[in-house]
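Colleague: Chains as they are written, first to last, in the UniProt record's numbering: chain A, 1 to 250; chain B, 1 to 292. Where a beta carbon is used, it is the ideal one built from N, C-alpha and C, also for glycine.
#1: Flag this pair as yes or no: are the beta carbons of residue 120 of chain A and residue 166 of chain A separated by less than 8 angstroms?
#2: Whose Cβ in chain B lies nearer than 8 angstroms to the Cβ of residue 63 of chain A?
#3: Can you give the Cα-Cα distance for residue 150 of chain A and residue 139 of chain A, rounded to whole angstroms?
#4: Where in the segment 162 to 220 of chain B do unbroken runs of the beta strand (DSSP E), each at least 3 residues long, occur, reported from the N-terminal end onward?
#5: Determine, using beta carbons only, whether residue 160 of chain A comes closer than 8 angstroms to chain B.
#6: Check each residue of the segment 198 to 221 of chain B: if its Cβ is closer than 9 angstroms to any Cβ of chain A, include it; give the result in chain order.
#7: Can you tell which of B:289, B:283, B:292 and B:287 has its C-alpha closest to the C-alpha of residue 71 of chain B?
#8: Given this structure, state the Cα-to-Cα distance separating residue 146 of chain A from residue 158 of chain A, to the nearest angstrom.
#9: I'd like the list of long-range same chain contacts for residue 181 of chain A, defined as Cβ closer than 7 angstroms, with 5 residues on each side in sequence excluded.
#10: Going along the chain, which residues of its own chain have a beta-carbon closer than 7 angstroms to the beta-carbon of residue 119 of chain B, five neighbours each way excluded?
#11: Nearest to residue 185 of chain A by alpha carbon, out of A:196, A:202, A:28 and A:215?
#12: Look at residue 259 of chain A and residue 34 of chain A and say whether their C-beta atoms are less than 8 angstroms apart.
#13: Please report the straight-line C-alpha distance between residue 55 of chain A and residue 45 of chain A, rounded to a whole angstrom.
#14: Comparing alpha-carbon positions, which option in B:200, B:144 and B:161 lies nearest residue 293 of chain B?
#15: Just curious, the beta strand (DSSP E) that residue 87 of chain B is in, first and last residue?
#16: Tell me the rounded alpha-carbon separation between residue 327 of chain B and residue 230 of chain B.
#17: Three-state secondary structure (DSSP) at residue 234 of chain A?
#18: Just verifying my parser: in three-state terms, what is the DSSP assignment at residue 38 of chain B?
#19: Fully enclosed by the UniProt domain "COQ9 C-terminal" (152 to 219) of chain A, which alpha helix (DSSP H) runs are 4 residues long or longer?
#20: What is the DSSP secondary structure of residue 28 of chain A, counted as helix, strand or coil?
#21: Classify residue 52 of chain A: buried if its beta carbon has 16 or more other beta carbons within 10 angstroms, exposed otherwise.
#22: How would you call residue 309 of chain B, buried or exposed, if buried means at least 16 neighbouring beta carbons within 10 angstroms?
#23: Counting along the chain, where does the beta strand (DSSP E) carrying residue 304 of chain B start and finish?
#24: For a contact meaning CB atoms closer than 7 angstroms, what does residue 294 of chain B contact in chain A?
#25: Classify residue 192 of chain A: buried if its beta carbon has 16 or more other beta carbons within 10 angstroms, exposed otherwise.
#26: So residue 148 of chain B packs on residue 112 of chain B, CB below 8 angstroms; how close in whole Å?
#27: Is it true that the segment 91 to 104 of chain A meets the segment 121 to 137 of chain B, where meeting means three or more beta-carbon pairs spaced less than 8 angstroms apart?
#28: Measuring alpha carbon to alpha carbon, tell me which residue in B:210, B:281 and B:40 is nearest residue 216 of chain B.
#29: Might you give, ordered along the chain, the residues of its own chain that have their beta carbon closer than 7 angstroms to the beta carbon of residue 84 of chain A, omitting 5 neighbours on each side?
#30: Do three or more CB pairs link the segment 247 to 256 of chain B to the segment 209 to 224 of chain B at distances below 8 angstroms?
#31: When DSSP builds the beta bridges, which residues end up paired with residue 284 of chain B?
#32: Roughly how many whole angstroms lie between the Cα atoms of residue 231 of chain A and residue 238 of chain A?
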């Protein structure tokens, strides 16, 4: 009888358009099997030498012994992304999945940190650390991201990163703070990355300090926000009561 | 909103409508195909398409300019830029291009030009194939006066049926391009299968073709323009209403983007990401496939 009921449900509700089992790769940051990502992932090793340049892709295709015609797979993508921009986006995605692996690793230092904001700070520093090998070439890559017609995709990738960071730091907010936290972490990340570009201190010590300060400031800002909210609510109730009491007197 | 089919039927010129009625008895799927909005015998479509292009060959480009307001040039150059094909500096093997239905040669010469300007590639070869000798003759006239006619024998012309390509061996080409040609094939799937056959592994199939407009308001305007003005322009400029009526109808009959993408995959190609790019709201679309 139970079987009958179950078989009946889809009919009654009509067609369901989304089945999560049909989208097994929706949680994958980079699909390693596609030809595009094979070429791009292999291109990344040329970045320290040539920067975010389409030559890395050409070099990678030659490494892989593919014919030159295969370039067209990347150049004729439907969104019209340039090779340089695709390389930059792919690099960002690979770093994001690296951060993900780091978080998933039970041995990583991350798991010994208790406080949510310290975790955020740790993750931002960890992610910035991945910039180190290519730091000299990064400014060109960032200029690709900030080009107006690339901006929407760059912001999406930035949001994905801050979403990952805030989520894994243990954020459980389901109100407006959800947006505030992600926007805040995004802006801290961008500011820190720009700071890192001109940081000459040993081991990027100053950048790490910068991140700590900014995240602490953001935490403090959250406190200020909560206090103002509380104060506002208290006064609003007080005002209502005042009006009520005056009303009663007539 | 569509223009009613009865109105269209009545505008089909005499010789063609006579032909339609004569085949009315044949309704088996096996032996018939589309010719514009008419259903004709498969063996006859090739002849009919041949007739259309033989009659438009000499003023093909003037008509294209008039009909698309010059936009077809932008689409073609966009197509070439997107493909971005050519032998890269530091490579040791030139590419073998094949431009099918490339009669007048604008895609073929455009591709060679792009490869030379961007990658200093002066070695890749180009084969221009077309089923129609009249169209191919137009291309050859242009070739004779172009800088490609330098005795290096990089450019070849071949009269070939795109569905079979008897003269082109398996796994012999790197880039297969077809611009505004594939909808005239009697059997499009056979054409795609042949494309897969002649390409080397790692080779690219790229197709620029009229497609369907998604936005229904724009589509209404586009249909109104193409069904009412285009045949008229054909009549006025080329004195050939029937051929241009056929062009419009064949555009309407061509499979939608997603469906055509499915056919490319069916032929064996790997289709990257979304698989196609719409140009001008989907009036044209670029489709890509890779033989892995």
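Modeller: On the basis of the supplied data:
#1: It is a contact, given that the beta carbons lie within the stated cut-off.
#2: Chain B residues near residue 63 of chain A: none, gap ~11 angstroms exceeds 8 angstroms.
#3: Between the C-alpha atoms of residue 150 of chain A and residue 139 of chain A there is a straight-line separation of about 15 angstroms.
#4: As summarised for the segment 162 to 220 of chain B, the continuous beta strand (DSSP E) elements at least 3 residues long and confined to that stretch are 173 to 179 and 199 to 210, given in chain order.
#5: With 8 angstroms as the cut-off, residue 160 of chain A does not count as an interface residue toward chain B.
#6: Residues passing the 9 angstroms Cβ filter: 199, 200, 201, 202, 203, 204 and 206.
#7: When only C-alpha atoms are compared, the closest one is B:283.
#8: For residue 146 of chain A and residue 158 of chain A, the distance between alpha carbons rounds to 11 angstroms.
#9: Result list for residue 181 of chain A: 166, 171 and 173, in chain order.
#10: Short of 7 angstroms from the beta carbon of residue 119 of chain B, and not among the five residues preceding or following it, lie these beta carbons of its own chain, in chain order: 86, 87, 88 and 89.
#11: Ranking A:196, A:202, A:28 and A:215 by CA distance to the CA of residue 185 of chain A puts A:215 first.
#12: With chain A represented from 1 up to 250, any question about residue 259 of chain A goes unanswered, as that position is not in the structure.
#13: If I take the Cα positions, the gap works out to 12 angstroms.
#14: A question about residue 293 of chain B goes unanswered here, because the residues of chain B that appear run from 1 up to 292.
#15: Unbroken run through residue 87 of chain B: none, as it is neither H nor E.
#16: Since the first residue shown for chain B is 1 and the last is 292, residue 327 of chain B is missing from the structure and cannot be characterised.
#17: The answer is helix: DSSP assigns residue 234 of chain A an H, G or I state.
#18: In the structure shown, residue 38 of chain B adopts extended strand secondary structure according to DSSP, grouped into three states.
#19: DSSP assignment within the UniProt domain "COQ9 C-terminal" (152 to 219) of chain A yields the following whole alpha helix (DSSP H) runs of 4 residues or more, N-terminal first: 177 to 197.
#20: The answer is coil: DSSP assigns residue 28 of chain A none of H, G, I, E or B.
#21: Counting Cβ neighbours within 10 Å, residue 52 of chain A comes out buried, since at least 16 surround it.
#22: This structure gives no information on residue 309 of chain B, because the portion of chain B shown stretches from 1 to 292.
#23: Because chain B spans 1 through 292 in this model, residue 304 of chain B falls outside it and cannot be assessed.
#24: Given that chain B is displayed from residue 1 to residue 292, the structure contains no residue 294 of chain B and the question cannot be resolved.
#25: That one is buried.
#26: Right, the Cβ-Cβ distance comes to about 6 angstroms (below 8 angstroms), so this counts as a contact.
#27: The segment 91 to 104 of chain A vs the segment 121 to 137 of chain B: no contact.
#28: Proximity to residue 216 of chain B across B:210, B:281 and B:40 peaks at B:281, based on C-alpha coordinates.
#29: So the list reads 52, 53, 54 and 144, once near-sequence residues are dropped.
#30: The answer is yes - the segment 209 to 224 of chain B touches the segment 247 to 256 of chain B, with three or more Cβ pairs under 8 angstroms.
#31: Looking at the DSSP assignment, residue 284 of chain B forms a beta bridge with B:210 and B:279.
#32: Their Cα atoms are separated by approximately 10 angstroms.
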